[in-house]
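J.: Residue numbers (my numbering): 36 to 120.
1. If you draw a straight line from the C-alpha of residue 55 to the C-alpha of residue 103, how long is it?
2. Would you mind sorting residue 95 into buried or exposed? The rule is 16 or more other CB atoms within 10 Å of its CB.
3. For residue 101, write down the residues that DSSP places opposite it in a beta bridge.
4. Keeping to the same chain, check which residues put their C-beta closer than 6 Å to that of residue 37; ignore five residues upstream and five downstream.
5. If you reduce the DSSP assignment to three classes, tell me which class residue 116 lands in.
6. If you draw a straight line from the C-alpha of residue 76 to the C-alpha of residue 57, how long is it?
7. For the beta strand (DSSP E) that contains residue 55, what are its first and last residues?
8. Whole angstroms is fine: what's the gap from residue 101's alpha carbon to residue 110's?
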């Protein structure tokens with residue numbers, strides 16, 4: 036069963052700033068979460084319930100999973116050096 040992808044305003048704004056190449060890379064990674072949000076590259080963030088991150092090149096995608104409603108909420112997207120601040 037596919038999950039629904041929801042993006043926060045912050046995530047959408049970051050996507051708009053990306054070059055076409057990076058945009059395609061990140062969007063492909065985001066939509067791969069619809070098929071499997073627990074994919075092998077996903078890492079659970081410590082200290083936060085149901086929050087994970089995946090890599091897309093030098094970018095990190097932070098997201099929450101609501102398994103009951105089959106929703107993946109992309110909270111933030113950013114460069115690996117800035118995302119955790």
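Backbone N, C-alpha and C define an ideal beta-carbon position, used for all residues, glycine too. No experiment lies behind these values; they were computed from the predicted model shown.
T.: Put simply:
1. Residue 55 and residue 103: Cα-Cα distance of roughly 34 Å.
2. It counts as buried.
3. Residue 101 pairs with 106.
4. Excluding the 5 residues flanking it on each side, residue 37 has same chain C-beta neighbours closer than 6 Å at 69, in chain order.
5. The DSSP-derived three-state label of residue 116 is coil.
6. Rounded to whole angstroms, residue 76 to residue 57 spans 19 Å at the Cα level.
7. Following the DSSP letters along the chain, one finds residue 55 in no beta strand (DSSP E) but inside the alpha helix (DSSP H) bounded by residues 55-67.
8. Computed Cα separation, rounded: 13 Å.
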